[in-house]
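S.K.: Chains as they are written, first to last, in our numbering: chain A, 1 to 86; chain B, 87 to 172.
2 protein chains.
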Amino acid sequence: MIRVLVAYDTPNDKARKKMSDFCLDYGLDRYQYSFFTGMLKPVQLRGLAKALKPFAEDGHITLIPVSADDWSKRIELGKGMLADED
Amino acid sequence: MIRVLVAYDTPNDKARKKMSDFCLDYGLDRYQYSFFTGMLKPVQLRGLAKALKPFAEDGHITLIPVSADDWSKRIELGKGMLADED
Numbered sequence: 001m002i003r004v005l006v007a008y009d010t011p012n013d014k015a016r017k018k019m020s021d022f023c024l025d026y027g028l029d030r031y032q033y034s035f036f037t038g039m040l041k042p043v044q045l046r047g048l049a050k051a052l053k054p055f056a057e058d059g060h061i062t063l064i065p066v067s068a069d070d071w072s073k074r075i076e077l078g079k080g081m082l083a084d085e086d
Numbered sequence: 087m088i089r090v091l092v093a094y095d096t097p098n099d100k101a102r103k104k105m106s107d108f109c110l111d112y113g114l115d116r117y118q119y120s121f122f123t124g125m126l127k128p129v130q131l132r133g134l135a136k137a138l139k140p141f142a143e144d145g146h147i148t149l150i151p152v153s154a155d156d157w158s159k160r161i162e163l164g165k166g167m168l169a170d171e172d
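1) Of all the CB atoms in chain A, is at least one closer than 8 Å to the CB of Ile149/B?
2) Which residues mark the beginning and the end of the alpha helix (DSSP H) in which Pro42/A is found?
3) To the nearest angstrom, how far is the alpha carbon of Asp170/B from that of Leu5/A?
4) Can you give me the C-alpha to C-alpha distance between Phe108/B and Trp157/B, rounded to a whole angstrom?
5) For Leu110/B, count neighbouring Cβ atoms within 10 angstroms of its own Cβ and tell me buried if that reaches 16, exposed if not.
6) Report buried or exposed for Pro151/B, applying the criterion of at least 16 other Cβ atoms within 10 angstroms of its Cβ.
7) Please confirm if the region 7-16 of chain A is in contact with the region 29-42 of chain A, defined as three or more CB-CB distances below 8 Å between the two stretches.
8) Identify whether Met125/B lies in helix, strand or coil by the three-state DSSP scheme.
9) Whose C-alpha, out of Met105/B, Arg89/B and Met87/B, is nearest the C-alpha of Gly145/B?
10) Considering only their Cβ atoms, is the gap separating Arg3/A from Thr148/B smaller than 8 Å?
11) Would you please verify whether the beta carbon of Phe36/A is less than 8 Å from any beta carbon of chain B?
12) Could you tell me the distance, in whole angstroms, from the CA atom of Phe122/B to the CA atom of Tyr112/B?
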């Protein structure tokens, strides 16, 4: 399992909702409004990218793997949306 | 120098503009509307976090270091805002 960050940027409300649904379906947590994170198997990462692809037309989606070490070094300011921190 | 991802989420337009300005001042590139990335020295990362902190009150800001290896493995879909890819 690898930690993955997924962030998207689109003016299309319907696409945004669909992308959010897919991220949650794949077990990711909402980290910011358009930014999700969670642990995925490589095959799941490829599946999620494939699922998101049709909604990228009007915008931009990025899926970034991040090591546990880098993730633990993040700096967070303000109140996040994640209920349970890891 | 380390690659840093900076993403913020706030309902406050003024705070969003200020955060955007600070990210650009620190030499980061706009990757998505509220998501910046670039190379920073550790002292610059701490300086940027300090500069952004006052704007985190109504929202959430995250600064995440990412290794060159992880960054090269990212999957991008759609059209990004970065003019020059690395």
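Glycine residues also receive a C-beta, built at the ideal position from the N, C-alpha and C atoms.
M.R.: On the basis of the coordinates in this document:
1) As a working mapping, residue 149/B is identified with position 63 in the second sequence. Reading off the sequence, residue 149/B comes out as Leu, not Ile. Chain A, which has a Cβ nearer than 8 Å to the Cβ of Leu149/B, makes this yes.
2) For this step, residue 42/A is matched to residue 42 along the first sequence. Per DSSP, the unbroken alpha helix (DSSP H) holding Pro42/A starts and ends at Pro42 to Leu52.
3) Reading the second sequence from its first residue, position 84 is the one you call residue 170/B. Reading the first sequence from its first residue, position 5 is the one you call residue 5/A. At Asp170/B, the pLDDT of 47 sits below 50, so the modelled position is not reliable; the number obtained from the coordinates is stated separately. If I take the Cα positions, the gap works out to 22 Å.
4) If you number the second sequence from 1, residue 108/B lands on position 22. If you number the second sequence from 1, residue 157/B lands on position 71. Looking at the two C-alpha atoms, the distance is approximately 22 Å.
5) Position 24 of the second sequence, counted from the first residue, corresponds to residue 110/B. Leu110/B is exposed by the Cβ-count criterion.
6) On the second sequence, position 65 is the one that residue 151/B refers to. Per the 10 Å Cβ criterion, buried.
7) Touching, yes.
8) In the second sequence, residue 125/B corresponds to position 39, counting from 1. Met125/B falls in the strand class under three-state DSSP.
9) Looking up residue 145/B in the second sequence gives position 59. Measuring from the Cα of Gly145/B, the nearest candidate turns out to be Met105/B.
10) On the second sequence, residue 148/B is found 62 positions in, with the first residue counted as 1. On the first sequence, residue 3/A is found 3 positions in, with the first residue counted as 1. The Cβ atoms of Thr148/B and Arg3/A lie no closer than 8 Å to each other.
11) By one-based count along the first sequence, residue 36/A stands at place 36. With 8 Å as the cut-off, Phe36/A does not count as an interface residue toward chain B.
12) The residue you call residue 122/B lines up with position 36 of the second sequence. The residue you call residue 112/B lines up with position 26 of the second sequence. Using only the alpha carbons, I get a separation of about 10 Å.
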